[in-house]
Amino acid sequence: MDAIFTAIGLVFDPYVLWVIVASAAFGMFVGSMPGLTATMATALLVPVTFFMDPVPALGAIVTATAMAIFAGDIPAAMLRIPGTPASAAYADESYAMARKGLLDLNLGVNLVFSVLGGLVGVIILVLCAPMLAELAINFSSFEYFWLCLLGLTCAVFIATSSWLKGFVSLLFGLLLATVGIDPAAGVPRFTFDNVDLMSGIDFIPAMIGMFALSELLRGVIIADKKGSVVAEKVGNIFRGIADVMRRYWKNFLRGSFIGVLIGALPGAGADIAAWISYAISKRFSKEPEKYGTGHIEGIVDSTAANNSSLGAAWIPALVFGIPGDSITAIVIGVLYMKGMNPGPTVFLQNPQFIYAVFIIFIVANLVMLPLGWAAIKSAKQLLRVPPNILLPIILLFCIVGSFAMTNSVYGIVLMFVMGLIGWAMEENGIPIAPAILGLVLGQMLEQNFMTSMIKADGSFLAFFERPIAGTLGVVTVVVWAMIIWRSVNSKAPAIEVAAGPAEGR
Amino acid sequence: MRVNDAIIGLLLIAASIAVFIATLSFPEFPGQRYGPSLFPQVLSTAMLICGVLLVIHGWRNRTEEHWLVLESWTKEPWRLGSFALVIAAVLVYIFASDTVGFIPVAAVILGVLFLWLGTRPVTATITAIVATFAIHWFFATMLRVPLPRGWLNTIL
Numbered sequence: 009m010d011a012i013f014t015a016i017g018l019v020f021d022p023y024v025l026w027v028i029v030a031s032a033a034f035g036m037f038v039g040s041m042p043g044l045t046a047t048m049a050t051a052l053l054v055p056v057t058f059f060m061d062p063v064p065a066l067g068a069i070v071t072a073t074a075m076a077i078f079a080g081d082i083p084a085a086m087l088r089i090p091g092t093p094a095s096a097a098y099a100d101e102s103y104a105m106a107r108k109g110l111l112d113l114n115l116g117v118n119l120v121f122s123v124l125g126g127l128v129g130v131i132i133l134v135l136c137a138p139m140l141a142e143l144a145i146n147f148s149s150f151e152y153f154w155l156c157l158l159g160l161t162c163a164v165f166i167a168t169s170s171w172l173k174g175f176v177s178l179l180f181g182l183l184l185a186t187v188g189i190d191p192a193a194g195v196p197r198f199t200f201d202n203v204d205l206m207s208g209i210d211f212i213p214a215m216i217g218m219f220a221l222s223e224l225l226r227g228v229i230i231a232d233k234k235g236s237v238v239a240e241k242v243g244n245i246f247r248g249i250a251d252v253m254r255r256y257w258k259n260f261l262r263g264s265f266i267g268v269l270i271g272a273l274p275g276a277g278a279d280i281a282a283w284i285s286y287a288i289s290k291r292f293s294k295e296p297e298k299y300g301t302g303h304i305e306g307i308v309d310s311t312a313a314n315n316s317s318l319g320a321a322w323i324p325a326l327v328f329g330i331p332g333d334s335i336t337a338i339v340i341g342v343l344y345m346k347g348m349n350p351g352p353t354v355f356l357q358n359p360q361f362i363y364a365v366f367i368i369f370i371v372a373n374l375v376m377l378p379l380g381w382a383a384i385k386s387a388k389q390l391l392r393v394p395p396n397i398l399l400p401i402i403l404l405f406c407i408v409g410s411f412a413m414t415n416s417v418y419g420i421v422l423m424f425v426m427g428l429i430g431w432a433m434e435e436n437g438i439p440i441a442p443a444i445l446g447l448v449l450g451q452m453l454e455q456n457f458m459t460s461m462i463k464a465d466g467s468f469l470a471f472f473e474r475p476i477a478g479t480l481g482v483v484t485v486v487v488w489a490m491i492i493w494r495s496v497n498s499k500a501p502a503i504e505v506a507a508g509p510a511e512g513r
Numbered sequence: 140m141r142v143n144d145a146i147i148g149l150l151l152i153a154a155s156i157a158v159f160i161a162t163l164s165f166p167e168f169p170g171q172r173y174g175p176s177l178f179p180q181v182l183s184t185a186m187l188i189c190g191v192l193l194v195i196h197g198w199r200n201r202t203e204e205h206w207l208v209l210e211s212w213t214k215e216p217w218r219l220g221s222f223a224l225v226i227a228a229v230l231v232y233i234f235a236s237d238t239v240g241f242i243p244v245a246a247v248i249l250g251v252l253f254l255w256l257g258t259r260p261v262t263a264t265i266t267a268i269v270a271t272f273a274i275h276w277f278f279a280t281m282l283r284v285p286l287p288r289g290w291l292n293t294i295l
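Listed in order, the protein sequences are those of chains A and B.
Per my numbering, residue 9 is the first one in the first sequence, and the count goes up by one each step.
Per my numbering, residue 140 is the first one in the second sequence, and the count goes up by one each step.
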């Protein structure tokens, strides 16, 4: 109980609340600008949070991402351009509604169900994380090895249209993680006698490069193209919400739970959650013919799903240190920087900090209601910010942000190189997210792999001897068998839903 | 810029062989069967397999998939220029910021990019200066990041 009160004290501190409100505004802005994603918002925030205490730092990230995922819905409805990829699944539907004169209802539904979906995600996080942590306290290197491998497998399997290219991306990330001092024996590897490389590939500049600089390179070549705002005026967005709730509460619950499931799976995040829940909603709807013509039903499912996935992604991140999506991959980097290595022990040693995260999640979702309303009301002005002013300023932010992580030019060089690689990868259909997960999890995977190998002394059966490790191992092997079986038997890409423009955030 | 999968595959094969060779020079410890080279070797072997699969895939589809496809924007000088300018801006910052200092380099980078992307000269100049000082204030003063002072050191 004491820990909860401590946590409340930590969160309801004027400075922390100020950080939450400021990052909420930042998230709203980034989310509603087409081309700027929620992951990019997080990557740009990290250099700033680096200088904060853990609670405000995490508060800033939680709030900014929640806002950004909602705010992506605004330009989707007004310009038919999703603000973040998480809104891409229903951008056409939203735009069709706006064309029919239903913009108010659409934005209202997006806001209210984003908030409610986000809260469902938090509730599941609060209920599941401590339980899982109790289970995880008995895990040995075998369990962690399989968990890591299963997580990375999911990232390859779910998040990408071609498993081969996803796997290439993952291997690239894992190899990058081996640069520097090796975790088992302390031998420098692939450092070419360079002092900077001895400390390894710094994760944050690499992130900023892959998610922000590469996005910038894509944005700058279309900086002169603008969408036209469909509706000039926004009225009372809350009218008719109660009716929608009465009619489609089942859709809301279904969407939220799909979001939670997808969010908790490593590698897949809000964008995939929205695509899948939209597809499922259409499949089970009584009037599937209305989908695509400006029908609210599928939007309820998917707008709830992308927000509920955010909270759920923190479950594996906090309990096992395995990120549920690319945003929590950054969060794990931040946790390590703050000296709070994620894992079940955090729940014992620093419970007040875990509770603080829970409280911030609830606060962030509640703050979303008034701030989201304000963002919708000022959307017309917001969407008028010209990209030719915005993009150069973001570039400077990328440069200064990566400099701040190493206090040397090394950070900028790293950001630059990774940005170019990330750009080239995306151009050729190689997803970025698995590489980032590989970079984050590489050391953990290797450490547990090496420990397990030494313990097992070459006997592969030891990897399956403990009950939970054995189960996880069998599941991993089965997933791989499925991937290979499918690719041998059909030429179609692994998953149809992911074939959409579902990349990054 | 899209290249045929076979080219990516060849790159991966070359990279994985290079990694494998590099691991051979890692020290071994007597009495330990698994050294620091094991994990990178597993990874590079997997990468080699991926490379071979991509080469096969790319070779099979060589009629539909061209060896190199350049999108339409690469044929428009202005768009190509925007792309190159972003890259040049980062390079200029990397090489010049230490001697020249953050404020002049950042202001010039911003100003040039604004102008190239079609902002009016007055707006571009004012925004570049204001944004530079705002970012400098935020990172150097608020967050105490040691942004390079460069020429300012000799003046002040």
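Where a beta carbon is used, it is the ideal one built from N, C-alpha and C, also for glycine.
Nothing here was measured: the structure is a model prediction, and the numbers come from that model.
- Within its own chain, the residues whose Cβ lies closer than 6 Å to the Cβ of Gly446 (chain A), once the five positions on either side in sequence are excluded, are Leu178, Gly181, Leu182, listed in chain order.
- Proximity of the stretch 369-384 of chain A to the stretch 121-134 of chain A meets the contact definition, three or more beta-carbon pairs being nearer than 8 Å.
- Using beta-carbon distances, Arg494 (chain A) does not count as an interface residue toward chain B, since no partner is under 8 Å.
- Closest in alpha carbon position to Ile476 (chain A), among A:Val408, A:Ile229, A:Phe153, is A:Phe153.
- With a cutoff of 8 Å on beta-carbon distance, Asp210 (chain A) and Thr47 (chain A) are scored as not near each other.
- The secondary-structure analysis by DSSP pairs Gly126 (chain A) with nothing; it has no beta-bridge partner.
- Between Asp309 (chain A) and Ser334 (chain A), the gap from beta carbon to beta carbon reaches 8 Å or more.
- For the stretch 220-235 of chain B, the set of residues with a beta-carbon nearer than 9 Å to any beta-carbon of chain A comprises Ser221, Phe222, Leu224, Val225, Ile226, Ala228, Val229, Leu230, Tyr232, Ile233, Phe234, in chain order.
- In the three-state scheme derived from DSSP, where H, G and I count as helix and E and B as strand, Leu449 (chain A) is classed as helix.
- Per DSSP, reduced to three states, the secondary structure at Val187 (chain A) is coil, with no helix or strand assignment.
- Look at Pro179 (chain B) here: in three-state DSSP terms it is helix.
- Closer than 7 Å at the C-beta level to chain A, one finds these residues of the stretch 265-279 of chain B: Thr266, Ala270, Ile274, Phe278.
- Unbroken alpha helix (DSSP H) runs of no fewer than 4 residues, entirely contained in the stretch 10-63 of chain A, are found at 10-19, 22-40, 46-57, following chain order.
- A Cβ-Cβ separation of about 3 Å places Ala104 (chain A) in contact with Gly302 (chain A) under the 8 Å criterion.
- Counting every other CB atom within 10 Å of its CB across the protein chains shown gives Thr280 (chain B) a total below 16, marking it as exposed.
- Contact of Phe178 (chain B) with chain A is assigned, a C-beta pair being separated by under 8 Å.
- Proximity of chain A to Ile147 (chain B) at the Cβ level (cut-off 9 Å) is accounted for by Lys173, Val176, Asn436, Ile438, in chain order.
- Of the candidates A:Pro138, A:Leu140, A:Ala97, A:Ile82, A:Ile82 places its Cα closest to the Cα of Leu113 (chain A).
- Proximity of Asp279 (chain A) to chain B, defined by a Cβ-Cβ separation below 8 Å, is not satisfied.
- At least 8 Å separates the beta-carbon of Phe159 (chain B) from that of Ala193 (chain A).
- Ser122 (chain A) and Glu305 (chain A) have their C-alpha atoms spaced approximately 14 Å apart.
- Taking 8 Å as the threshold, the shortest C-beta distance from Ile429 (chain A) to chain B does not fall below it.
- Arg288 (chain B) is not a Cβ neighbour of Gly250 (chain B), given a cutoff of 8 Å.
- Assigned with DSSP and collapsed to three states, Val142 (chain B) falls in strand.
- Within the same chain, Cβ atoms closer than 6 Å to the Cβ of Ile216 (chain A) are found at Ala51, Cys406, Gly409, Ser410, Met423, the five residues on either side in sequence being excluded.
- The beta-carbon of Asp61 (chain A) is placed no less than 8 Å from the nearest beta-carbon of chain B.
- A residue is called buried when at least 16 other Cβ atoms come within 10 angstroms of its Cβ; Ser170 (chain A) meets this threshold and is buried.
- The stretch 190-207 of chain B makes contact with the stretch 146-158 of chain B, as at least three CB pairs between them are under 8 Å.
- Between Asn315 (chain A) and Gly267 (chain A) a beta carbon distance of about 7 Å is seen, short of the 8 Å cut, so the two are scored as contacting.
- Neighbours of Arg141 (chain B) in chain A, taken as residues whose beta carbon is under 9 Å from its own, are Glu435, Asn436, Gly437 in chain order.
- Residue pairing for Pro196 (chain A): DSSP places it in a beta bridge opposite A:Ile189.
- Interface annotation, Gly240 (chain B): not in contact with chain A, CB-CB separation never under 8 Å.
- When DSSP reads this structure, Val208 (chain B) sits in a beta bridge with B:Arg141.
- The Cβ-Cβ distance between Met36 (chain A) and Ala79 (chain A) falls below 8 Å.
- Between Gly174 (chain B) and chain A, the shortest Cβ-Cβ separation is below 8 Å.
- The three-state reading of DSSP puts Ala231 (chain A) in coil, since its state is none of H, G, I, E or B.
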